[in-house]
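**Q** This is the structure, below, for whatever I ask next.
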Amino acid sequence: VTLDPYNAFLHREDVEGDWRVGVKDVIDVAGMPTTAASKVLHRVPERDAECVARLRAAGATIVGKLNTHEFAFGALTNSPHFGAALNPRDPERTTGGSSGGSGAAVAAGLVDLALGTDTAGSIRIPAALCGVTGHRPTSGLVPVDGVVPVAWSLDAVGPLARTAAECRRATEVMAGRELPQEAPRRIGLITSLFESADPAVASACEQAARALGDAEPVELPLHEEMATITQLVMLPEAATIHLHWLRTKLADYGADVRARALAGLLLPSTAYVTGLRARKWVRSLWPKEYDLLVAPAMPIVAPRFDAIPDDYRLLIMPYHSPAALLGLPVTVVPCGEVDGLPVALSLTGRVGGDAVTLTAAEQLQRAA
Amino acid sequence: MGTESSLVSALREQARQQGVEPTDEDLEGVLGFLSRILPVLAELEARIPEEIQP
Numbered sequence: 029v030t031l032d033p034y035n036a037f038l039h040r041e042d043v044e045g046d047w048r049v050g051v052k053d054v055i056d057v058a059g060m061p062t063t064a065a066s067k068v069l070h071r072v073p074e075r076d077a078e079c080v081a082r083l084r085a086a087g088a089t090i091v092g093k094l095n096t097h098e099f100a101f102g103a104l105t106n107s108p109h110f111g112a113a114l115n116p117r118d119p120e121r122t123t124g125g126s127s128g129g130s131g132a133a134v135a136a137g138l139v140d141l142a143l144g145t146d147t148a149g150s151i152r153i154p155a156a157l158c159g160v161t162g163h164r165p166t167s168g169l170v171p172v173d174g175v176v177p178v179a180w181s182l183d184a185v186g187p188l189a190r191t192a193a194e195c196r197r198a199t200e201v202m203a204g205r206e207l208p209q210e211a212p213r214r215i216g217l218i219t220s221l222f223e224s225a226d227p228a229v230a231s232a233c234e235q236a237a238r239a240l241g242d243a244e245p246v247e248l249p250l251h252e253e254m255a256t257i258t259q260l261v262m263l264p265e266a267a268t269i270h271l272h273w274l275r276t277k278l279a280d281y282g283a284d285v286r287a288r289a290l291a292g293l294l295l296p297s298t299a300y301v302t303g304l305r306a307r308k309w310v311r312s313l314w315p316k317e318y319d320l321l322v323a324p325a326m327p328i329v330a331p332r333f334d335a336i337p338d339d340y341r342l343l344i345m346p347y348h349s350p351a352a353l354l355g356l357p358v359t360v361v362p363c364g365e366v367d368g369l370p371v372a373l374s375l376t377g378r379v380g381g382d383a384v385t386l387t388a389a390e391q392l393q394r395a396a
Numbered sequence: 019m020g021t022e023s024s025l026v027s028a029l030r031e032q033a034r035q036q037g038v039e040p041t042d043e044d045l046e047g048v049l050g051f052l053s054r055i056l057p058v059l060a061e062l063e064a065r066i067p068e069e070i071q072p
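Note that the protein sequences, when read in sequence, are chains E and H. Under the numbering used here, residues 29 to 396 are what the first sequence spells out, in order. Under the numbering used here, residues 19 to 72 are what the second sequence spells out, in order.
Rendered as structure tokens:
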């Protein structure tokens with residue numbers, strides 16, 4: 029077993045094989061422990077999650093389980109029980125999360141492919157901060173059987189890899205169908221997300237986006253409220269999932285995850301229903317005429333561990349909530365550097381438009 | 019201070035009724051979430067068109 033200087037793995041096996049795949053530790057792999065980087069959960073499943081079984085059948089070698097934010101319920105990958113994943117681009121900086129071990133393992137070349145999950149940005153954030161490619165598939169495209177849920181109506185399983193072509197191959201295998209090359213026909217730039225990003229990040233992203241061709245400025249509906257709407261749906265679903273453990277193992281949770289789960293438990297009973305209604309409202313107003321919406325994947329580069337902004341979550345949620353809420357496919361593709369750290373573009377498609385976002389990401393990587 | 023203390027007490031009772039026993043520190047963390055979410059929730063409840071059902 030080789031070294032793991034970035035604390036990317038929670039469990040690793042000494043196996044030989046091609047197409048080496050690491051699996052986020054909320055996804056079952058037969059015979060390997062699933063802990064979700066928590067003290068609460070420890071199971072050794074007899075069966076692979078369906079997505080893992082499909083990859084194995086296609087020739088993947090599963091090399092281990094990857095670090096995550098506790099229960100994939102946060103954006104830093106700093107489990108108090110297993111330690112933080114370190115960013116291979118600068119180990120004094122966060123990988124982001126929750127699929128931080130996945131981002132680190134791909135960036136460090138420890139695996140060819142890593143599986144992550146994305147409830148509200150958890151594939152996209154570490155892909156952007158670690159400088160790798162990530163794809164959040166359309167909700168429901170990749171089966172989530174055998175995956176520890178965060179919030180049923182938001183969760184998606186997807187790949188992180190060096191290139192969009194590798195993400196396409198993995199998504200095709202896990203979805204059980206081909207995703208043909210399909211160029212976008214009408215492209216929008218989400219202006220508010222460029223405006224609220226760090227100017228150097230926005231500038232790098234704007235320059236990279238030009239390689240996609242003509243694009244029109246787009247404003248998203250209810251964008252200021254979108255992060256809260258996502259929480260109105262996510263927090264009660266998460267509290268329901270965790271209710272048994274909240275009753276029996278509350279003290280075993282890390283403080284941040286405990287507070288989030290309790291917030292879901294203690295929101296007013298109208299909150300979830302209002303969240304569902306608001307989601308439907310957003311869907312009705314969404315600019316469906318665009319088959320590709322482009323924005324910076326993150327408003328900042330990876331922060332140092334000792335300088336994580338106090339408002340980190342509030343800062344990044346507007347970038348990831350819309351696609352999570354509506355179940356849209358997003359490919360995150362590295363597009364440059366600021367101060368020697370990776371910057372990435374987020375390419376969001378329509379429901380079922382995974383082929384379009386992946387094709388556009390491949391086009392950007394060919395142009396780079 | 020008194021208001022926050024009574025809010026924490028109310029949340030503790032609500033949690034107990036659901037079989038969960040958080041500490042005051044836990045509930046202060048929850049208050050941080052709720053103070054951001056509840057004003058937007060109230061605004062959405064007023065703005066979402068009536069015909070939109072879950």
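Every residue, glycine too, gets a C-beta built ideally from N, C-alpha and C.
Please name the residues in the stretch 251 to 278 of chain E whose beta-carbon is closer than 8 angstroms to at least one beta-carbon of chain H, in chain order.
**A** E253, T256, I257, Q259, L260, L263, L271, L274, R275, L278
**Q** Cα-Cα, which of E:A237, E:V178, E:F222, E:S297 is closest to H270 (chain E)?
**A** Residue nearest to H270 (chain E) within the set E:A237, E:V178, E:F222, E:S297 is E:V178 (criterion: CA-CA distance).
**Q** Can you find a CB in chain H that lies within less than 8 angstroms of the CB of T62 (chain E)?
**A** no
**Q** Which residues of chain H have a Cβ atom closer than 8 angstroms to the Cβ of W309 (chain E), listed in chain order?
**A** I66, P67, I70
**Q** So V58 (chain H) contacts chain E; which residues on that side make the cut at Cβ distance below 7 angstroms?
**A** E253, T256
**Q** So, is the C-beta of V29 (chain E) closer than 8 angstroms to a C-beta in chain H?
**A** Because V29 (chain E) sits at a pLDDT of 46, beneath the cut-off of 50, its placement in the model cannot be relied upon, and the point is left open.
**Q** Leaving out five residues before and five after V366 (chain E) in sequence, what residues of the same chain have Cβ atoms less than 8 angstroms from its Cβ?
**A** D226, A228, V229, A232, V329
**Q** Pull up the distance between the alpha-carbon of L369 (chain E) and that of I70 (chain H), whole angstroms please.
**A** 44 angstroms
**Q** Please determine, among E:D118, E:G45, E:T123, the residue with the shortest C-alpha to C-alpha distance to A86 (chain E).
**A** E:G45
**Q** What does DSSP give as the partner residues of D118 (chain E) in its beta bridges?
**A** E:N115
**Q** Applying a beta-carbon distance threshold of less than 7 angstroms, which residues of chain H neighbour A148 (chain E)?
**A** Correct list: empty, because the minimum Cβ distance to chain H is about 14 angstroms.
**Q** Enumerate in chain order the residues of its own chain whose CB-to-CB distance from R311 (chain E) is below 8 angstroms, with the five nearest sequence positions on each side excluded.
**A** L354
**Q** Which residues of the stretch 114 to 144 of chain E have a Cβ closer than 7 angstroms to any Cβ of chain H? Give them in chain order.
**A** none
**Q** Listed in chain order, which residues of the stretch 66 to 90 of chain E have Cβ atoms closer than 9 angstroms to some Cβ of chain H?
**A** none
**Q** To which residues of the same chain is T89 (chain E) closer than 8 angstroms at the C-beta, ignoring the five residues directly before and after it?
**A** Within the same chain, V43, E44, G45, D46, W47, R48, V49 come within 8 angstroms of T89 (chain E) by CB-CB distance, once the 5 residues on both sides are set aside.
**Q** Would you kindly work out how many angstroms separate the C-alpha atoms of A28 (chain H) and S297 (chain E), rounded to a whole number?
**A** Straight across, the Cα-Cα distance linking A28 (chain H) with S297 (chain E) is about 15 angstroms.
**Q** In the DSSP output, what is K93 (chain E) paired with across the bridge?
**A** E:H39, E:V51
**Q** Using a Cβ-Cβ cutoff of less than 6 angstroms, which residues in the same chain neighbour P108 (chain E) once the five nearest sequence positions on both sides are dropped?
**A** G282
**Q** Can you have a look at R75 (chain E) and say buried or exposed, based on whether 16 or more other CB atoms are within 10 angstroms of its CB?
**A** Its Cβ having fewer than 16 others within 10 Å, R75 (chain E) is exposed.
**Q** Taking only beta-carbon atoms, is Q35 (chain H) less than 8 angstroms away from chain E?
**A** It does not; no Cβ of chain E falls within 8 angstroms.
**Q** Hey, out of E:L274, E:S127, E:A198, whose CA is closest to V80 (chain E)'s CA?
**A** E:A198
**Q** Once DSSP output is grouped into helix, strand and coil, what is the label at D42 (chain H)?
**A** helix
**Q** So, using beta-carbon positions, are A189 (chain E) and L373 (chain E) closer together than 8 angstroms?
**A** no
**Q** When the Cα of A299 (chain E) is compared with those of E:V170, E:D242, E:L260, E:L313, which residue comes out closest?
**A** Among E:V170, E:D242, E:L260, E:L313, the Cα nearest to that of A299 (chain E) is on E:L260.
**Q** Looking at N95 (chain E) and L157 (chain E), is the spacing between their C-beta atoms short of 8 angstroms?
**A** Cβ atoms of L157 (chain E) and N95 (chain E): not closer than 8 angstroms.
**Q** Counting only runs of 4+ residues fully inside the stretch 331 to 362 of chain E, write out the alpha helix (DSSP H) ranges in chain order.
**A** 340 to 354
**Q** Along the beta strand (DSSP E) that carries I151 (chain E), what are the first and last residues, could you check?
**A** Careful: I151 (chain E) lies outside any beta strand (DSSP E) and carries neither H nor E.
**Q** Mark R71 (chain E) as exposed unless 16 or more other C-beta atoms lie within 10 angstroms of its C-beta, in which case mark it buried.
**A** exposed
**Q** Should L62 (chain H) go down as buried or exposed, given a rule of 16 or more other Cβ atoms within 10 Å for buried?
**A** buried
**Q** From V384 (chain E) to E210 (chain E), what distance separates their C-alpha atoms?
**A** 5 angstroms
**Q** Where are the alpha helix (DSSP H) runs, 4 residues long or more, that stay fully inside the stretch 234 to 313 of chain E, in chain order?
**A** 251 to 276, 283 to 294, 298 to 313
**Q** Interface residues of chain E around D44 (chain H) at Cβ under 7 angstroms?
**A** R286, A287, L290
**Q** Counting pairs of beta carbons, one from the stretch 339 to 359 of chain E and one from the stretch 126 to 134 of chain E, are three or more of them closer than 8 angstroms?
**A** Judged by Cβ distances under 8 angstroms, the stretch 339 to 359 of chain E makes no contact with the stretch 126 to 134 of chain E, as fewer than three pairs qualify.
**Q** Show which residues of chain H have a CB atom less than 7 angstroms away from the CB atom of L343 (chain E).
**A** Those do not exist, as L343 (chain E) stays about 13 angstroms from chain H at its closest Cβ, beyond 7 angstroms.
**Q** Please state whether DSSP places S127 (chain E) in a helix, a strand or coil.
**A** coil
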